[in-house]
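Chains as they are written, first to last, in my numbering: chain A, 490 to 769; chain B, 39 to 348. C-beta atoms are modelled at their ideal positions from N, C-alpha and C, and glycine is treated no differently. Read the structure below first, then the notes.
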Amino acid sequence: MMSPIIESSMTPFDPVRMRRTVLEMAYAGSTIHIACAFSIIELLTVLYRHHLRYPGNDPRAEGRDYLVLSKGHGVMAQYACMHELGWLEDSHIQNYFKDGSDLKGLSDSRVAGLEVTSGSLGHGFSVGVGIALGLTRKGTDQKVYAIVGDGELNEGPIWEGALVAAHHRLNNLMLIVDKNGFQAMGTTDDVLALGDLPAKFSSFGFETLEVDGHDEIAIDAAIRQLWAAGPTKPKALIARTVKGKGVSFMESINLWHYTRLDPKSFAEAVSELGFTGASK
Amino acid sequence: MREAFSNALVRLAVADSKVLLLTGDHGYSLFDEFRKRCPDQYINAGIAEQNMVGMAAGLARVGFRPFVYGLAAFIPIRTVEQIKLDIAHDDLPVVLLGDGAGFVYSHLGTSHQSTEDIACTRAIPQLQVLSPADRFEMTAAMDYAYATNGPVYLRMGKADLGDVHTGPNNSLQPGRLLKIRDGRSDRPGLIATGSMVRAALDIAVSLDLRLWSAPFLKPLHVDDVRTAVQATNGLVTLEEHSVLGGLGAAVSEITSEHQPTRVLRIGVPDRFSEHCGTHAYLLREHGLDTDSVRERVEAYCQLMASNLIP
Numbered sequence: 490m491m492s493p494i495i496e497s498s499m500t501p502f503d504p505v506r507m508r509r510t511v512l513e514m515a516y517a518g519s520t521i522h523i524a525c526a527f528s529i530i531e532l533l534t535v536l537y538r539h540h541l542r543y544p545g546n547d548p549r550a551e552g553r554d555y556l557v558l559s560k561g562h563g564v565m566a567q568y569a570c571m572h573e574l575g576w577l578e579d580s581h582i583q584n585y586f587k588d589g590s591d592l593k594g595l596s597d598s599r600v601a602g603l604e605v606t607s608g609s610l611g612h613g614f615s616v617g618v619g620i621a622l623g624l625t626r627k628g629t630d631q632k633v634y635a636i637v638g639d640g641e642l643n644e645g646p647i648w649e650g651a652l653v654a655a656h657h658r659l660n661n662l663m664l665i666v667d668k669n670g671f672q673a674m675g676t677t678d679d680v681l682a683l684g685d686l687p688a689k690f691s692s693f694g695f696e697t698l699e700v701d702g703h704d705e706i707a708i709d710a711a712i713r714q715l716w717a718a719g720p721t722k723p724k725a726l727i728a729r730t731v732k733g734k735g736v737s738f739m740e741s742i743n744l745w746h747y748t749r750l751d752p753k754s755f756a757e758a759v760s761e762l763g764f765t766g767a768s769k
Numbered sequence: 039m040r041e042a043f044s045n046a047l048v049r050l051a052v053a054d055s056k057v058l059l060l061t062g063d064h065g066y067s068l069f070d071e072f073r074k075r076c077p078d079q080y081i082n083a084g085i086a087e088q089n090m091v092g093m094a095a096g097l098a099r100v101g102f103r104p105f106v107y108g109l110a111a112f113i114p115i116r117t118v119e120q121i122k123l124d125i126a127h128d129d130l131p132v133v134l135l136g137d138g139a140g141f142v143y144s145h146l147g148t149s150h151q152s153t154e155d156i157a158c159t160r161a162i163p164q165l166q167v168l169s170p171a172d173r174f175e176m177t178a179a180m181d182y183a184y185a186t187n188g189p190v191y192l193r194m195g196k197a198d199l200g201d202v203h204t205g206p207n208n209s210l211q212p213g214r215l216l217k218i219r220d221g222r223s224d225r226p227g228l229i230a231t232g233s234m235v236r237a238a239l240d241i242a243v244s245l246d247l248r249l250w251s252a253p254f255l256k257p258l259h260v261d262d263v264r265t266a267v268q269a270t271n272g273l274v275t276l277e278e279h280s281v282l283g284g285l286g287a288a289v290s291e292i293t294s295e296h297q298p299t300r301v302l303r304i305g306v307p308d309r310f311s312e313h314c315g316t317h318a319y320l321l322r323e324h325g326l327d328t329d330s331v332r333e334r335v336e337a338y339c340q341l342m343a344s345n346l347i348p
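This is the structure in structure tokens:
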């Protein structure tokens, strides 16, 4: 089934259209975590468009690359990608959060296309480390990308996993930090300061780069540069992002971690994205 | 019993190169043979149990068969959420090995003692919970854990108490009790698990009671518990684990619904150990030494025989 949303633009994984999909879902499900999804849209655009390999367009293909969304709160952005791929139908978007539906408000690995059950933070990265270790042992060239939130870096197992990834020289693993500067109750600086993240990951033994997390060209270049560098090191990409990116009244307004759309804010947000009218 | 564990692990790993042993920097001499025979399948994940369990989930996702070893105080207790979310939720074939369960580390105090692990793991969907009693059950439990191809918690308690079976168990059937001895049907029957089966056998012999070993805490077969109730006059459960949420609870859940009878739950009272001492000392502190248990069982036999129970 051809989606009306897909028809409205040409290139797959178009960030504007994906944000629109997120808005449609969030409005249909009357749900939260919109801003958490918006900060990783361009990262996902670049990953799905240029890097992730799914042989046969099969989300469960044995030879696939793995995108581990450790910050499960951003799952609507990943749903938007899965919608672009045809793995999700329009009805999945329109029926989000309906009783008996499959797509939850946090990543659930039983959904084909999602790799981990996350949202309880600090889990996905460790699973990603295990996947990367397993793929290394199997000698495949498959890659593992693990997206963690900067707030999620409060969790201890992230740093356990970082030690292990460096110790085992997991050069097929890329940790991507969505550094939007916010966590649930405030800024990361106010809640639990993270300090110099590139220096931290470098000192843990990661090949590390920092990038503007909304600049698709820069993201793509940084990912290529990381894979090309340091053949014995895991990679860390620190992506400076804006929570709520793309809709002016959501950008860096932490209320949009929790706020639900009403008809007015939905119409305004959709219109800001450049669409003339909301579909519902 | 530990030798049986090591032998089984080595045998499984030699036969299947996908078998990996992950340890949280524990088990120094226990894995000598494994490290010698299967060095490439040995991963010391460091003192980082939460990451280790998550990592095991990742390894299982790409086709490996991780056995994750730690002290029961850490695997499962420190990592209950990782077990729930990363492993059990996705029905991944990961075997969690919790060593030193109960009061094995008696001198080290509360941090290394584990009397709540069965209760915590039993409530996690899709996770099977095993508690072998001797070297024969250990071998069978390891084979079962590998063959079942899903998440398993295998509880390893005090290991040097001697055999309760006279020979190997060819295979374990999910949830089935193993009959150890026959006894008088007009007296209570005993169902024990893990390290308590040996003491239960001594008591059962001296009082001529029927005795079953429960190598499974979950699943636990309804028919077997019903049969035990029908063949005896009341039940006694014995375990080196809290009286809350363990074997006694599992048996009582079945009897209360399917075959009501009185169940005397003998286990660790709902409190932490107070003092330091040997394993035998801590059993006494908690009323779990053989003499104390025998006294309670004898009194229970008299109570059940007196027909004073409505």
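Does any residue of chain A have a CB that is nearer than 8 Å to the CB of residue i?
i	result
VAL1 (chain B)	What is shown of chain B runs 39 to 348, which leaves residue 1 (chain B) out entirely.
ALA86 (chain B)	yes
GLY92 (chain B)	yes
ALA51 (chain B)	no
ASN89 (chain B)	yes
I think residue i touches residue j, with their Cβ atoms under 8 Å apart; what is that distance to the nearest whole Å?
i	j	result
MET194 (chain B)	ALA139 (chain B)	6 Å
SER528 (chain A)	LYS734 (chain A)	6 Å
TYR516 (chain A)	LEU744 (chain A)	Actually they are not in contact, since the Cβ atoms of TYR516 (chain A) and LEU744 (chain A) sit about 17 Å apart, beyond 8 Å.
ALA86 (chain B)	GLY62 (chain B)	7 Å
GLY227 (chain B)	THR270 (chain B)	3 Å
THR231 (chain B)	LEU285 (chain B)	5 Å
VAL778 (chain A)	GLY101 (chain B)	Coverage of chain A is limited to positions 490 through 769, which leaves residue 778 (chain A) absent and any answer about it impossible.
Chain B partners of residue i, CB-CB under 8 Å?
i	result
LYS627 (chain A)	VAL100 and GLY101
Under three-state DSSP, which class holds residue i?
i	result
GLY140 (chain B)	strand
ARG538 (chain A)	helix
GLY675 (chain A)	strand
LYS769 (chain A)	Caution is warranted here: a pLDDT of 43 is assigned to LYS769 (chain A), below 50, making its placement in the model unreliable, and no coordinate value can be reported.
ARG508 (chain A)	helix
GLN211 (chain B)	coil
TYR516 (chain A)	helix
SER754 (chain A)	helix
MET90 (chain B)	helix
GLY650 (chain A)	helix
MET776 (chain A)	Because residue 776 (chain A) is not part of the residues shown, which for chain A are 490 to 769, the question remains open.
VAL202 (chain B)	coil
HIS746 (chain A)	helix
GLY227 (chain B)	strand
MET571 (chain A)	helix
Compare the C-beta of residue i with all C-beta atoms of chain B and state if any pair is closer than 8 Å.
i	result
LEU839 (chain A)	The requested residue 839 (chain A) is not part of the displayed model; chain A covers only 490 to 769.
VAL616 (chain A)	yes
GLU649 (chain A)	yes
PRO548 (chain A)	no
GLY645 (chain A)	yes
SER528 (chain A)	no
SER609 (chain A)	yes
Residues of chain B with CB under 7 Å from residue i, in chain order?
i	result
PRO504 (chain A)	In chain order: nothing, as chain B lies at least about 29 Å away.
SER754 (chain A)	Those do not exist, as SER754 (chain A) stays about 33 Å from chain B at its closest Cβ, beyond 7 Å.
Give the interface partners of residue i over in chain A, defined as CB-CB distance under 9 Å, in chain order.
i	result
HIS127 (chain B)	ASP597, SER598, ARG599 and THR606
ASN45 (chain B)	The premise fails here: ASN45 (chain B) is roughly 24 Å from chain A at the closest Cβ pair, so nothing lies under 9 Å.
Along chain A, which residues have their Cβ under 8 Å away from the Cβ of residue i?
i	result
LEU68 (chain B)	What LEU68 (chain B) touches in chain A: nothing, since even the nearest Cβ is about 22 Å away.
ASP124 (chain B)	VAL605, THR606, HIS612, SER615 and VAL616
ALA83 (chain B)	VAL653
Note down, in chain order, every chain A residue with its Cβ under 7 Å from the Cβ of residue i.
i	result
LEU97 (chain B)	GLY619, LEU622 and GLY623
Residues of chain B with a CB under 9 Å from the CB of residue i: which are they?
i	result
SER692 (chain A)	Within 9 Å Cβ-Cβ: nothing; SER692 (chain A) doesn't reach chain B, min ~17 Å.
GLY561 (chain A)	Correct list: empty, because the minimum Cβ distance to chain B is about 10 Å.
SER737 (chain A)	Ordered by position in chain B, no residue passes the 9 Å Cβ test against SER737 (chain A), which lies about 36 Å from the chain.
Determine whether the Cβ of residue i lies closer than 8 Å to any Cβ atom of chain E.
i	result
LEU750 (chain A)	Considering every chain present, this structure includes no chain E. Its protein chains are A and B.
So, do the segment 71-81 of chain B and the segment 195-207 of chain B have three or more beta carbon pairs nearer to each other than 8 Å? no
How do the segment 711-731 of chain A and the segment 753-764 of chain A stand: do at least 3 beta-carbon pairs fall below 8 Å, yes or no? no
Taking three-plus beta-carbon pairs below 8 Å as touching, is the segment 700-711 of chain A in contact with the segment 604-618 of chain A? no
Counting pairs of Cβ atoms below 8 Å between the segment 53-63 of chain B and the segment 559-575 of chain A, do you hit three or more? no
Is the number of C-beta pairs between the segment 159-166 of chain B and the segment 183-193 of chain B that are closer than 8 Å three or more? yes
Determine contact between the segment 547-561 of chain A and the segment 636-656 of chain A, defined as no fewer than three beta-carbon pairs at a distance below 8 Å. yes
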